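K.L.:
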Amino acid sequence: MTGILETTGIIASIAFTVGALTLPIKDNVYWKTCEHLYLGFAAGYSLIIAINALNSNLIKQLLTGNVIYTIPLILGIMLYSRYIERWQWLNRYPVAVIVGVGTAISARTIIDAMIIQQIRGALLNPLASGKDIVGSPKTPINNILTIITVITVVLYFVFWQMKGMDNIVIEKSRKFGIIMLMGSFGVLIGNSIHMRVSRLGDRFFYLLSPENQLYTLIFTIIGVISIVLSGRKSKEL
Amino acid sequence: MLLIEGRITGLILLIIMAFISIYMALIAERWSPQIRQLAGISVIPELIGRCAELGKPLHFTTGQGGSLAETEVGPQIMAGLSVFNYVARLCVKNGVKLIVSVGQTDTMGLLQEYVRDAYTAEGLPVPDMEEILRFHSRNQFAFISAVSGLMRRELPASNIVIGPIWAESAQLVCSGLEVGAMQLIGTARTSHIPFFAILSDYVLMGEEIYAAGAQLSGDKQTTNTLAAQDVSKFISILLLIIGVVFFTMTGNNFIKNLLGM
Amino acid sequence: MSYFLRRTAPLWLTTIISVYLFINYYFNIGGLQIEQLLLSFAVVITTASLGLGLINLSRSHILRIQRMQKGQWYYSIILLVSMIVTIVAGLFYGADSSEFTLLYDSTVSPLGSTLMSLFIVWLAPGAFRAVRIKNVESTALIITLMIILIGGSPIGSAYLLDSLTISSWLNSVLNAAAQRGLKITIGIGLVILGIRLLSGLEKTYLKGEITE
Amino acid sequence: MSQRSKWFTQEYLNWIIIGLMYITYILPVLFPFSPPLTIGEKATRFYNIVESLPEEPYILMAYDYSPVSYPLFQGLQEAFMKHIYSKNGRVICVAFSADGAMMYQKMEITFGYVWNTKTYGEDYVFLGYIPGGETGLASFLSSIRSVIATDFRGNLIDDLPIMKNIDTCTDFDLVIDCETGTTLGDGFVRQVSTVYKTTLAIACSGGATLEPYYPDQLQANLYPLPQVGAEYETLIKEPGNASAQLGVLFLGALYFILLFIFGNIARIFKRG
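Here is the structure:
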C-alpha cells in the first residue's frame, strides 16, 4: 500500500516543482492549478500545526490541572468575536495582550542589544590596531573608518531640517554616510545571491536525480504546451 | 539590590527617551519642527505627471501581509496609507487612472475613505470601488503573481509601493522594470532595501517612510515623534564622540565601562 | 460605560502589561512567576489566532464560488478541496505521523521551495536591465557587490585568493560599521514606537477592522 | 519624458536570460565538478568554539527555516551534530516557525544513518513548534516547562531522560539557531545573549545584517551559506551535502557577474 502512496507523492512533487518553474516564463493554466492547490494545502497545514501546538501549550496544561490556563482559553475564543457584528470590539482584548507582551519583550532588550551594545562596539581607539580579521591587515584605519561610518550613517537618518552651519555638517556627513550604506548594501546583495543560488541549484538536483528524470521530462513537456497555449489564448482575449 | 546589574544604563536611557518623546508629543500642537525635504516625496508629482503625459495608469500598493495590529508592521502600513492619501488626490486632479493592489484585509476601509475624499474634493462622482481597489490575497506568492499579471496587462507608467515587503521584493521591482514603469519603493524591512536601492528609480529607506507619512499627512504627532528620535540619535552620537575623544586622550575607555554598567 | 469597555480598557490593558514587563526586567521584584504566565498566555493567544487566516481565506473563496466569478470559481473549488483533504489527513493521522509528513513533502514542501527559489530568477532580468553606474553611491554598491560575488563563492576560494581577504574585510569592517549605524537608528525607532504604544499615544493597532 | 526604449522592455529578453540561467544550473548536475576550497575565518572560529565545549555538552538547536532553505542548512547541521556526538553531547531540537517542525522530520530521514544508532529521548529530542516569534522564544528560554508540557511526539517532558536537569537557557552549553528571517535573528541575540549570556551561534541567510553583533554578543555568525557549511565539513573531514553544491555555487555566482558586466556594456553600445 505505501508503495503507491510513495510514488504518487514523488510524481506530485515533481509536477508541482516543474509547474512553479514555468511561472517566470509565462503565467499559464498549469501554474494556476498548482497555485490554488498550494494555497489550500498551505492553509490546511498551518491549521493542523496550530492545533498540535495548541494541544501542547494549552490543552495538556489544563489537563495536568493548572486551571489558570482558562484565561488564555477565553481570550483565544474572544479573538473569533470579530465575525459577529455586535461583539466585534471584544477581539481588542486578546490583541491588546499580544501587543502589550510583544512590544515589551522586544523593546526592553532592544535598548541594550541594538543601541547601547552598538555604541560600545564602536567605542574604539583610533590609534590602536583594528579588529582581528583573518588575513586582513589590522591597521588603525579600520577603527577610524568604523567610527566615522557609524556617526555618518546615523546622521543620514536625521529628518529635522537644521539651519546654517549645522545643516552643512549634516548634509556633508549624510553624503559620506550614504556611500558607506550603499557599500554595505552591495555586501548584503552579494551574500543573498550566494544563498539563493544554492536554493535554485537544489531544485535542479532534485529534478535531475536519476530516479526522477523520467517524470521531469513528462511534466516539462506539459509545461511547454501549457505556456504555448496560454500565449495564444491571451492574444485572443 | 533593587536594580539589576548590567541593565542600569539601559533604564536611564529608556527614561531619557520616554521623557523626550512624551514631552514632544505634548507640545505637538504648539510647536513641531520642519522635516527635511525627502527626495522620494518630491518626485511623486513627477511620477504622476509621467502617467498623465503617457496616458497610462498609476499602480499603488501598501505591500502584502501583516496587519495594522502587529507592532512592527502596523506603522509601515499607516505610512503607506498617508502617502496614498496624497497620491490619490494628485491622481484625481490630473485625471490619471489609479489602480491599487490591496494585500491586507484590514486596510480596505481606510483606502475607500481616502478615494472617496479625493473624488469629492474635486467635485467628481465617486466611481465603482471594485475598479480601483483590487484585493488579491493575503498569501505572499498569490499576491505578487496577481500584481505582476496586473502590471503586464495594465502597463502602468509609474509604480509606488510603501509598506512591509518580504521575499517578493525582486519580483515586484522587476515586474515594474519589465513594463518600463518609473518606480518609487519604500519599506522599513531592512533585508530587502538593498534590492530596491539597486533596481528601483527612487527608494525610501527604513525610517524615511515614517518621515514621508508624517510630511504628507501633516500629522503633528508623528512629526514630533521623528524629532524625538532625532534627539536620541544626537545623544548616541555625542556619547560616541565623547567616548572616543576621552579614550584616545587618557587611554581609559570610561564611557564604554559606564555604558556597560 | 460602553466607550470605556470598547476603547479605553484595551489601551489600559496593553499599558499595564507592558509597564509590568518593563519593571520586572529592570528591577528585582521577583515577578518571574507572573512574567512566565503572561508570556505563555501570549503564546496561546497567538496560536489561536493562526486559525483566523484560514477563515479569511475560505470566506473569500466561498464568495467567489457563490458569485460564479468568471475564470476564478473552479480554481477556488480546487483550493477548498485541497484544504479540506489536508485538515482531515492531519486530524485523522496526527501531525507527527508519516502519512501527514508524506502529504506535506509531496505538496507544500516542493511548491513552497520552488516558489521561494524563483527569487533569483526574477532578479536576473532586472540585474541585466537596471544595474547601472549612475553616481558615486551606485559605483560603491557595484564594486562591493562584485568583490563579494567573487570572494564569497568557490570562484574566490579556489582561484582568486586575494578576494577572500578583501571580502572578509568588507564583511567585518565596512558592512559591520554601516549595519551598526543602521541598527542604532532602527533600535531608536522601535524603542520610541514601544514608548508611544506604552503611553497610549500610538493607536494604529486599534484602527484595523475586518471589512472584507 | 521618454517611454523606455522598446528593446529595454522586450519580452524575449526575459526568456533568453531565464533560459540561459536554467542551463547554468543543469550543467553542474549532469557534469559534476568541485573546485578546491580555502577555509575562512567564520568556519574556523565556529569549529574552535565547538572544540572548546566541555565534555558531554547540552546543545539547543532551533529549526527556523522553510523547506526551500533545507539545502542551505543540511550540510552544516549534520556536520555539527557529528562533531557534537564525537564529544558524546546531547542535542535538543525546537522550532519557532511553523515549517521548522517539518524540517526536523525531514532531517530525521536524511540524518537517519546517525540518529538510528542513537536513542530518541536520550541523545536527541524534538520539542515541537512554539508560536509567538520572539515572545515564544523568551518564554521558552525562561522556563521550558511553563510553555510546553509534552514534546512533538506527545511524551511528557519529565519522562524524557535528556530533559532531566534542563529547564532554562543557562542549562545549555551552546545555543545554535538556523533561520532565514532576520527579525528572529536579532531576537535570539536579545533573548539568549543579552538576557542569559549563553554562547550563541546563528547560521542565517541574512547573516551580513547580524555582523555588528559578532563576535561579542554573537560568538559565531555563519554566512554565506552553504559555503560555510562546506568549509565546516572539510574541517571535520566528513564531506556531505554542502560540499556537493560547490559546482553549482561556482557557476551561479559567475552567471551573475557576467550579467552585471554585460548589462553595463550593452547600455554603452545602445547609447553609442
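Residue numbers (the working numbering), protein chains in the order written: chain A, 1 to 237; chain B, 1001 to 1261; chain C, 2001 to 2212; chain D, 3001 to 3272. We put the CB at the ideal spot given by N, CA and C, even for glycine. All figures in this text were calculated on a predicted structure; none of them were measured in a lab.
#1: If contact means a Cβ-Cβ distance below 7 angstroms, which residues of the region 2016–2029 of chain C contact chain A?
#2: In the DSSP assignment, the beta strand (DSSP E) including C:S2153 goes from what residue to what residue?
#3: Taking the alpha carbon of A:N167 as the reference point, which residue from B:I1035, B:T1225, B:Q1104 and B:I1132 has its own alpha carbon closest?
#4: Using DSSP's beta-bridge definition, name the partner residues of B:G1186.
#5: Is DSSP giving D:M3061 helix, strand or coil here?
#6: Of the residues C:I2078, C:F2100 and C:E2137, which one's Cα is nearest the Cα of C:I2087?
#7: Please classify C:T2107 as buried or exposed, where buried requires at least 16 other C-beta atoms within 10 Å of its C-beta.
#8: Rounded to the nearest angstrom, how far is the Cβ of C:W2073 from that of C:R2059, given a contact under 8 angstroms?
#9: Leaving out five residues on either side along the sequence, give the residues of the same chain with a beta carbon under 6 angstroms from the beta carbon of C:S2002.
#10: Take B:A947 and list the residues in its own chain whose beta-carbon comes closer than 7 angstroms to its own, dropping the five residues that flank it on each side.
#11: Note down, in chain order, every chain B residue with its Cβ under 8 angstroms from the Cβ of D:G3206.
#12: Could you pull out every residue in the same chain whose Cβ sits closer than 7 angstroms to the Cβ of B:L1110, ignoring the five residues on either side in sequence?
#13: Name the one or two DSSP bridge partners that B:S1101 has.
#14: At a Cβ threshold of 9 angstroms, is A:Y45 touching chain D?
#15: Near A:I25, what residues of its chain come up, given a Cβ to Cβ distance below 8 angstroms and the 5 sequence neighbours on each side ignored?
#16: Report the neighbours of A:K32 on chain C: residues whose CB is nearer than 8 angstroms to its CB, in chain order.
#17: How many whole angstroms separate the CB atoms of B:T1248 and A:N125, which I take to be in contact at a CB cut-off of 8 angstroms?
#18: In chain D, which residues lie less than 8 angstroms from C:V2043 when you measure between Cβ atoms?
#19: Find the nearest neighbour of A:R199 within the set D:L3249, D:L3254, D:G3133 and D:N3116, judged by alpha-carbon distance.
#20: Going straight from the alpha carbon of D:M3061 to that of D:T3209, what length do you get?
#21: Do we get a CB-CB distance below 9 angstroms when we pair B:E1208 with the residues of chain A?
#22: Identify the residues that DSSP records as bridge partners of D:T3150: which are they?
#23: In its own chain, which residues sit with a C-beta less than 8 angstroms from the C-beta of B:V1179, not counting the 5 before and 5 after it?
#24: Kindly provide the ranges of any beta strand (DSSP E) runs that are 3 or more residues long and lie completely inside the region 3211–3250 of chain D, ordered along the chain.
#25: Who are the neighbours of A:F159 on chain B, taking C-beta pairs under 7 angstroms?
#26: List the residues of chain C that A:N212 touches, going by C-beta distances under 9 angstroms, in chain order.
#27: Find out if the Cβ-Cβ distance for the pair D:G3187, D:L3137 is shorter than 9 angstroms.
#28: Run down chain A in chain order and give the residues with a C-beta less than 8 angstroms from the C-beta of D:L3030.
#29: Considering just the uninterrupted stretch of the beta strand (DSSP E) at D:V3175, what are its terminal residues?
#30: With a threshold of 9 angstroms between beta carbons, is A:F185 in contact with chain B?
#31: Kindly give me the distance between the Cβ atoms of D:P3131 and C:T2046, rounded to whole angstroms, as I take these residues to be in contact under 8 angstroms.
#32: Please tell me whether B:A1118 and B:N1085 are closer than 9 angstroms, where the distance is taken between their beta carbons.
#33: Which term fits D:T3150, buried or exposed, when burial requires 16 or more other beta carbons within 10 angstroms of its beta carbon?
#34: Please classify B:L1003: does DSSP put it in a helix, a strand, or coil?
#35: Report buried or exposed for D:D3159, applying the criterion of at least 16 other Cβ atoms within 10 angstroms of its Cβ.
#36: Distance, Cα to Cα, B:G1213 vs D:M3102?
P.N.:
Taking the geometry as given:
#1: Correct list: I2017, S2018, L2021, F2022 and Y2025.
#2: Unbroken run through C:S2153: none, as it is neither H nor E.
#3: Closest option to A:N167, Cα to Cα, is B:I1035.
#4: Answer is B:I1162 and B:L1204.
#5: Here D:M3061 carries a strand assignment [DSSP, helix/strand/coil].
#6: Nearest of C:I2078, C:F2100 and C:E2137 to C:I2087, Cα basis: C:F2100.
#7: C:T2107 counts as buried, since at least 16 other C-beta atoms from the protein chains shown sit within 10 angstroms of its C-beta.
#8: Going by Cβ atoms, the distance from C:W2073 to C:R2059 rounds to 15 angstroms, so no, they are not a contact pair.
#9: No residues qualify anywhere along the chain.
#10: Nothing can be reported for residue 947 of chain B: it is not among the residues displayed for chain B, which extend from 1001 to 1261.
#11: Contact of D:G3206 with chain B by beta-carbon distance below 8 angstroms involves S1191.
#12: Correct list, in chain order: L1081.
#13: DSSP lists B:T1061 and B:R1134 as the beta-bridge partner residues of B:S1101.
#14: Yes, A:Y45 lies at the interface with chain D (some Cβ there is under 9 angstroms from its Cβ).
#15: Cβ neighbours of A:I25 beyond the five flanking positions: I227.
#16: Per Cβ cutoff of 8 angstroms: Y2075.
#17: Between A:N125 and B:T1248 the Cβ distance is about 6 angstroms, and since that is below 8 angstroms, they are a contact.
#18: For C:V2043, the C-beta contacts it makes with chain D under 8 angstroms involve I3130, P3131, G3132, T3135, G3136, S3139 and V3147, in order along the chain.
#19: Minimum Cα distance to A:R199 is reached at D:L3249.
#20: Answer to the nearest angstrom: the Cα atoms are 21 angstroms apart.
#21: True, the Cβ-Cβ gap to chain A drops below 9 angstroms.
#22: Per DSSP, D:L3156.
#23: Excluding residues within five positions, the ones whose Cβ falls inside 8 angstroms are M1151, R1152, L1155 and P1156.
#24: Listed in chain order, they are 3220–3222.
#25: For a Cβ distance threshold of 7 angstroms, residue set I1035, R1036, A1211, L1226 and D1230 of chain B lies close to A:F159, ordered along the chain.
#26: By Cβ distance, chain C contributes nothing, its closest Cβ being about 11 angstroms from A:N212, past 9 angstroms.
#27: Against a cut-off of 9 angstroms, the Cβ pair of D:L3137 and D:G3187 comes out as a contact.
#28: Simply L208.
#29: Where D:V3175 is concerned, the enclosing beta strand (DSSP E) stretches over L3174 to E3179.
#30: Yes, its Cβ sits closer than 9 angstroms to a Cβ of chain B.
#31: Distance from D:P3131 to C:T2046 at the Cβ level is roughly 5 angstroms; contact confirmed, criterion being Cβ atoms closer than 8 angstroms.
#32: The answer is yes: Cβ separation under 9 angstroms.
#33: For D:T3150, the number of other beta carbons within 10 angstroms of its own is at least 16, and it is reported as buried.
#34: Here DSSP, grouped into helix, strand and coil, assigns B:L1003 to strand.
#35: It is exposed - the Cβ of D:D3159 has fewer than 16 other Cβ atoms within 10 Å.
#36: Distance between the alpha carbons of B:G1213 and D:M3102: 40 angstroms.
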